[in-house]
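> Structure provided below as structure tokens; questions to follow.
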Amino acid sequence: MSYACEWGDCSFVSDNFDTFYEHVRGHTTNFFCDLDDVNDDSEENDCQWRQCFSDSFENEPELIRHVLFHAYHANLKDLGLKAQTKAELAPCTLDPHARNLVPEFPEQFHCLWENCDVITSCPKYYYRHVDGHTGSTVKEWPHSKILCKWKDCTFTSTKRFKLKEHCRTHTNERCFSCPNCGGLFSNKTKFTDHLRRQNTMESESYQCSHCLKYCASERILRDHMRHHINNVKCSLCDMTCPTQSALQHHINFRHSEEKPYSCDMCETSFKMPNDLRRHQQTHSPIYSYTCEEEGCNYAAKALQSLRRHHKVWHESPVTEQGGRYECHICCVRYTRGTALTKHLKKQHTFRWPAGHKRFRYKEDNDGIYRLQTVRFESVELSQQLEASRKEQAISEEMTPDEDWEAPEESNHQELTNMTDQEYEDQLRVTRSRFTFT
């Protein structure tokens, strides 16, 4: 593997990564010397790495970190190419336009290992330095656990490689990169999954029985199906979620009034940064996105608006009823899910499931969206909900809701057959029907 420098019109190539890395470091020194001869408004202040669109660096160390990561990124692409070749996988088919986009590093790389306070702008040195900490950690006894000594961390493991993997959550280190699209991955498995997802035919895939999504391998399917299983319950309502992060997202949206992300062009505030970015696009006078369907002149400022337009006006199947959202009771169809929701509430007197603020619609094999009437919950969570309902019924001197059904062992079989032995206890599930009255 040869490493080619992509700084401006530089044509330097080296077979040695360390030599290549030091060459790229030299560009940063020359770059800041040349800045004295250009105006502050010059585009020369932007990163000169080809197909990198980053600009507006706050200071010199931030740009140095950015440029050096381009060099480090080249090595990760090399590792990705070797992993792809060894696994005999077809190359990535995504658009390579963003292959040289790298993460932002507004702060210095700071090691927070016990009795260490190293600060650097060099990603290669930083990751090797932290790896040295994990490699030199000594067990007190042959079968004792190894402690992570990162500040405020309590992680332990009997395996040293597990400690190394864990420390990447502190450093955000990535070990492989896609040689085509430039995507970064924390381990080889995630990188090869990235390739398999793109190059597996549906006939060769494993299909999720709940959402009908195709997965490239049985292991990916198992990981995917975990997202359908609710394991935690909100302490403020009856909402159940698959993960703690999903629960925190729910709490932020449903139970918190805090909106820390404010628009600098108006007085609007938002709870999430993505919502703020979408809002800021509405202030632009330019309609950047246009519909490519023949005969359609629709244009939008935001990509989300264009996608919504295309879904409503160009993806609906041509039928007498029209629309892709169908009532599963009377088969009336609508072009929008909100219209079907109003229909279900008014015509069939449905109400939202406990803890939910909207209905969820699932795409069936015929391409039509219908109401999702089943959700998966772990056995442990179902038992907790059952106990909670009984306590509530006793306290209110009433019997439990007749519509609710206790967990049935027979309902576990469908998912547990798809898991390894080590996951069976975790993935045993029950199907709890939503209550519609």
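Residues 1 to 437 (full-length UniProt numbering) are what the sequence shown spells out, left to right.
Yeah, the Cβ is synthetic: ideal placement off N, Cα and C, and Gly gets one too.
Identify whether Ser177 lies in helix, strand or coil by the three-state DSSP scheme.
In this structure, Ser177 counts as strand in the three-state DSSP scheme.
> For Cys291, which residues from the same chain have a beta carbon less than 6 Å from its beta carbon, with the 5 sequence-adjacent residues on both sides left out?
Within the same chain, Cys291 has close Cβ partners Tyr298.
> Shortest alpha-carbon distance to Asp275 belongs to which of Lys259, Ser284, Ile286, Pro285?
That would be Lys259, whose Cα lies nearest to the Cα of Asp275.
> Specify whether the segment 175–195 and the segment 95–113 touch according to this definition: at least 3 beta carbon pairs, one from each stretch, less than 8 Å apart.
Short answer: they touch.
> Taking the straight line between their C-alpha atoms, what separation do you get for His186 and Glu62?
The amino acid occupying residue 186 in the given sequence is Ser; His does not appear at that position. When rounded, the distance between both Cα atoms is 23 Å.
> Is Ser269 helix, strand or coil by DSSP?
The answer is strand: DSSP assigns Ser269 an E or B state.
> How would you call Asn16, buried or exposed, if buried means at least 16 neighbouring beta carbons within 10 angstroms?
By the neighbour-count rule (16 or more Cβ atoms within 10 Å), Asn16 is not buried but exposed.
> How would you call Cys241, buried or exposed, if buried means at least 16 neighbouring beta carbons within 10 angstroms?
That one is buried.
> Excluding five sequence neighbours on each side, which residues of the same chain lie with their C-beta closer than 6 Å to the C-beta of Cys52?
Excluding residues within five positions, the ones whose Cβ falls inside 6 Å are Asn100.
> In three-state DSSP terms, what is Leu236?
Coil at Leu236, not helix or strand.
> Could you check what DSSP says for Asn115 in three-state terms: helix, strand or coil?
If DSSP states are grouped into helix, strand and coil, Asn115 belongs with coil.
> So, for Asp364: in the same chain, excluding its five sequence neighbours on each side, which residues have a beta-carbon less than 8 Å away from its beta-carbon?
Around Asp364: Leu212, Arg370.
> Quick one: residues in its chain with C-beta nearer than 6 Å to the C-beta of His228, no 5 flanking neighbours on either side, listed in chain order?
Result list for His228: His210, Phe376, in chain order.
> Quick one: grab the DSSP three-state call for Tyr298.
Tyr298: coil per DSSP, three-state reduction.
> Within 10 angstroms of the Cβ of Phe359, are there 16 or more other Cβ atoms? Answer buried if so, exposed if not.
Flag for Phe359 reads buried.
> Quick check on this structure: which residue in Asp117, Trp113, Asn172 has the alpha carbon closest to the alpha carbon of Thr154?
Nearest option by C-alpha distance: Trp113.
> Using the Cβ count rule (16 or more neighbours within 10 Å means buried), how would you classify Cys331?
Exposed is the call here.
> From this set, Gln383, Ala83, Phe105, Pro91, which residue's C-alpha is nearest Val67's C-alpha?
The residue with the shortest Cα to Cα distance from Val67 is Phe105.
> Per DSSP, what are the beta-bridge partners of Ser14 in this structure?
Per DSSP, Tyr3.
> With a threshold of 8 Å on Cβ separation, who are the neighbours of Ile119 within its own chain once the five nearest residues in sequence on each side are excluded?
Excluding sequence neighbours, Ile119 sits near Gln108, Phe109, His110, Cys111.
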